[in-house]
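*Asks:* In UniProt numbering, the protein residues as written are 1 to 221.
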Ligand code: AMP
């Protein structure tokens, strides 16, 4: 069994509350399996906001207040970016986030075959968010405790200033967690009913990643 390629196409969705580490786990899987593609709904939205597109303008109000962008806008945006080849493996990070988005994906003929539900205690998440800094240009994420930049406050690659995401403000973040509970639970139920849900528990990405890797290899290796 190869540990750097998959023998059948994996169409993976990462689910988990904001700050659970969806982006980190996705990045680690990509490093392990270079042929896998990844799409992050948050990154695609932030790119649209930065470029001032129509979708970006519509989305930014929702994003800065910690609310979810409407399902119709999201589904249109992401569905047009999903690889169409049946042999391509990919990871969707942050989409779908609601049951209607999952239904839109299924109606479009996208056959998701592995849904990873990252179950991280809220206390760990709140601490992690308080320490999160990002580089706005690239989306690179740092954690002041676990993965600090080489020079305080500056991006390792460009040397540009790091910032706190507007929606990581503690009050906004609390709203995001509540929205998560409300909107994402039905999504988890949807995939549980389809038999593709896999839940993994852990406090750190180092604890979760080996379990995730084993499971990916077991299913697709
Ligand atoms: P993220 O980087 O995944 O935490 O996403 C940042 C923000 O983008 C979220 O708080 C939402 O406002 C918006 N967003 C990202 N993905 C979605 C989605 N699938 N549905 C609705 N809003 C989304």
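Glycine included, every Cβ here is placed at the ideal spot set by N, Cα and C.
Could you check what DSSP says for residue 82 in three-state terms: helix, strand or coil?
*Replies:* Coil at residue 82, not helix or strand.
*Asks:* Tell me, please, which residues DSSP counts as bridged to residue 134.
*Replies:* Paired residues: 141, 163.
*Asks:* Should residue 50 be labelled buried (16 or more other beta-carbon atoms within 10 Å of its own) or exposed?
*Replies:* Classification for residue 50: exposed.
*Asks:* May I ask you to verify whether the segment 9-19 touches the segment 162-181, counting CB pairs closer than 8 angstroms and requiring at least 3?
*Replies:* Because the criterion of three Cβ pairs below 8 angstroms is met, the segment 9-19 and the segment 162-181 touch.
*Asks:* For residue 211, which residues from the same chain have a beta carbon less than 8 angstroms from its beta carbon, with the 5 sequence-adjacent residues on both sides left out?
*Replies:* Cβ neighbours of residue 211 beyond the five flanking positions: 200, 202.
*Asks:* Please check the pair residue 95 and residue 78, which I expect to be a contact at CB under 8 angstroms, by giving their CB distance rounded to whole angstroms.
*Replies:* Contact holds; Cβ gap of about 5 angstroms.
*Asks:* Count the other CB atoms within 10 Å of the CB of residue 157; is the residue buried (16 or more) or exposed (fewer)?
*Replies:* Exposed: under 16 other Cβ atoms inside 10 Å.
*Asks:* Between which two residues does the beta strand (DSSP E) carrying residue 95 extend?
*Replies:* Counting along the chain, residue 95 falls outside any beta strand (DSSP E), and DSSP gives it neither H nor E.
*Asks:* Taking 7 angstroms as the limit between beta carbons, can you name the residues of its chain near residue 168, skipping five residues before and five after?
*Replies:* Counting only Cβ-Cβ distances below 7 angstroms, and skipping sequence neighbours, we find 129, 132.
*Asks:* Unbroken alpha helix (DSSP H) runs of length 4 or more, entirely within the segment 162-199: which are they?
*Replies:* Runs found: 170-194.
*Asks:* Using three-state DSSP, classify residue 114 as helix, strand or coil.
*Replies:* Strand.
*Asks:* Rounded to a whole number of angstroms, what is the C-alpha to C-alpha distance between residue 47 and residue 139?
*Replies:* Roughly 9 angstroms separates the two Cα atoms.
*Asks:* Taking the C-alpha atoms as reference points, what is the distance between residue 230 and residue 10?
*Replies:* With the chain represented from 1 up to 221, any question about residue 230 goes unanswered, as that position is not in the structure.
*Asks:* Rounding to the nearest angstrom, what Cα-Cα distance links residue 221 and residue 205 in this structure?
*Replies:* Approximately 21 angstroms, taken between the alpha carbons.
*Asks:* In the DSSP assignment, the alpha helix (DSSP H) including residue 154 goes from what residue to what residue?
*Replies:* Where residue 154 is concerned, there is no enclosing alpha helix (DSSP H), given that its DSSP letter is neither H nor E.
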